[in-house]
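Here the protein sequences line up with chains Y and S, keeping their order.
Residue numbers are given in the numbering used here: position 22 of the first sequence equals residue 506, and the series is strictly consecutive.
Residue numbers are given in the numbering used here: position 52 of the second sequence equals residue 1298, and the series is strictly consecutive.
We treat Cβ as the ideally placed atom computed from N, Cα and C, and that holds for glycine.
None of these values were measured; they are calculated from a predicted model.
This report concerns only the one structure given below.
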Amino acid sequence: MLSLKEFFEKKPRIKVIVNAGKGGLGKTTSSAAMSYWFAKNGKKPLCFSTDPQASLSDIFEMDIFGKGIIEIEKNLFVVEIDADRRIKEFQEEVRNKIKTMYGIDEIPEEIDEYIETSAYEPAMHESATYDAMADLLSKGEFNPYVFDMPPFGHGVRMVSMARILDAWIDKMEETRRKAAEYAQAAAYLKGISSRSEEEILNELRSIREKLDFFREVLTDPDSCAFFMVIIPEKMAILDTERAIEMFRKLDIEMAGVIVNQVYPRELLDRPDVGEFLKRRVEMQQAYLKEIKEKFGDYVRAVVPMFDREPKGMEMIAKVAEHLFEKPGLEVFE
Amino acid sequence: MLRRKKEKEEKEKEGEKKSSEVKEAIAGLIYGMSAHAVTRQMLKTRMYLEHLFMLITLGDMMGIPILPPYYSLKLLPYAVPNVKTWKRSMLKERDVTDMLY
């Protein structure tokens, strides 16, 4: 059983870390703590939240939502994207591009309507965030990138979306090329010159390059580590099993499981601890056994339940210590 | 002398103009007789390809979401001039007589 620290020592080329799992189990906390640890150990991490709810701001107790990349402590960079604003800016960009491309002051009504309504599409948020992620990654200014992915469905969908998009963009490029050929041939016969297709093909290529790069990084087990954050409860275990299955289908190898919010076993031996709490400890112990059976070798760290919410730099440091320095794996021995 | 030279030049120019008009007319005639049908067919094929492209990029305008909207918007500016005809041809009712054209 490799601890989290041993895992990263064994794989020094890891540049992307993704924490996935059900909501409220500590994905964002784990991401923050991991980033903190990397910053303290001579790296330059970027902690990135794709969560539409501003949870990184809560954890670091600082308003960073939509404020761009911020160095919150020495070498520790965080960013929380305001997807709504990004979409608005993007819409404006598209409008301006149309205006300058065709030299018009007013955008045709049906086009404008389309631009306006696209913001409300359910996939818009996702694809805007995805694009932001791919943008950040392709710049390569940080190492590692620590992503905190909202409930695992999204994360997996992002990878599968890259695949589907890739296929479609192939088709689109093909139709563009053919259309251009026909247009050129027709223009030649007719004796007029055809307008260049280069620009649109370039746009398609740049979209594709970004997606390919993103997918390559995410599916290469030497450069990307996917962690599942779970707690010793039935639902989380089931969810993780499903996630592992889905990851496997997408050729993604899971890097490990982080067990969070574990009550110390010693509570059972203390006479001053009430029946209610003892029950919970016993329940967790039973599920820890199940976790050992199901994910045994994958467990990388066990983080205890704290007496208060893990918020603020001090608590983040504490979580990081548990993750890397005393992973508490002895509960599985 | 100078005047005469000028007149001569003007006459030559007019002659060139006429001959180029004749050339154009002949070229047009040949084009009409030989290549026009081919060109038309090619432009038609191009139109179908263009429509296919539009469907993939802007399918959600018709309720067929293929590309995520973020990328649709990115490609939208290039498709602007075609949107109207594309929508019309997609939503057009079709019957047997369409085959005749």
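- Judged by DSSP in its simplified three-state form, GLU576 (chain Y) adopts helix.
- Note on GLY510 (chain Y): 16 or more other CB atoms within 10 angstroms of its CB, so buried under the neighbour-count rule.
- For VAL746 (chain Y), there is no enclosing alpha helix (DSSP H); the enclosing beta strand (DSSP E) has its first and last residue at 738 to 746.
- Chain-ordered, the chain S residues with CB closer than 9 Å to the CB of TYR598 (chain Y) read LEU1304, ASP1306, MET1307, SER1318, LEU1319, LEU1322 and VAL1329.
- Interface with chain Y (8 Å Cβ-Cβ cutoff): VAL1326 (chain S) is included.
- With 16 or more other Cβ atoms inside 10 Å of its own Cβ, ILE565 (chain Y) counts as buried.
- PHE711 (chain Y) has Y:ASN503 and Y:GLY740 as its beta-bridge partners, per DSSP.
- At a Cβ-Cβ threshold of 8 Å, ALA804 (chain Y) and TYR629 (chain Y) do not count as neighbours.
- Inter-residue distance for THR584 (chain Y) and PHE574 (chain Y) is about 15 Å (C-alpha atoms, whole angstroms).
- Distances from the alpha-carbon of ASN503 (chain Y) to those of Y:ILE714, Y:ILE648 and Y:ASP547 put Y:ILE714 closest.
- For ASN559 (chain Y), the secondary structure class from DSSP, reduced to helix, strand or coil, is coil.
- Collapsing the DSSP output to three states places LYS528 (chain Y) in a strand.
- Rounded to whole angstroms, the Cβ separation of LYS506 (chain Y) and ILE1302 (chain S) is 35 Å, and the two are not in contact under 8 Å.
- A straight line joining the alpha-carbon of TYR1324 (chain S) with that of ILE684 (chain Y) spans about 7 Å.
- Around the beta carbon of GLU1267 (chain S), fewer than 16 other beta carbons sit within 10 angstroms, so the residue counts as exposed.
- Distance check between MET712 (chain Y) and each of Y:GLU605, Y:ALA785 and Y:ARG569 places Y:ALA785 closest, using alpha-carbon atoms only.
- Remark: three or more beta-carbon pairs, one from each stretch, lie closer than 8 Å, so the segment 761 to 772 of chain Y and the segment 742 to 750 of chain Y are flagged as touching.
- Rounded to whole angstroms, the Cβ separation of ILE556 (chain Y) and PHE544 (chain Y) is 6 Å, and the two are in contact under 8 Å.
- Put simply, the CB of MET1279 (chain S) is far from chain Y, with every gap to its CB atoms at 8 Å or more.
- At least 8 Å separates the CB of MET617 (chain Y) from every CB of chain S.
- For TYR1316 (chain S), the uninterrupted alpha helix (DSSP H) segment begins and ends at 1315 to 1337.
- In the three-state reduction of the DSSP assignment, ARG784 (chain Y) falls in the strand class, which pools E and B.
- Taking the C-beta atoms as reference points, SER487 (chain Y) is found no nearer than 8 Å to LEU761 (chain Y).
- For secondary structure counted as the beta strand (DSSP E) over 3 or more consecutive residues, the segment 1257 to 1299 of chain S holds no complete run.
- For VAL783 (chain Y), there are no neighbours in chain S by C-beta distance under 9 Å, as the nearest C-beta there is about 35 Å away.
- Between the segment 1289 to 1299 of chain S and the segment 1319 to 1338 of chain S there are three or more C-beta pairs closer than 8 Å, enough to call the two in contact.
- Between the alpha carbons of ARG647 (chain Y) and ARG699 (chain Y) lies a gap of roughly 8 Å.
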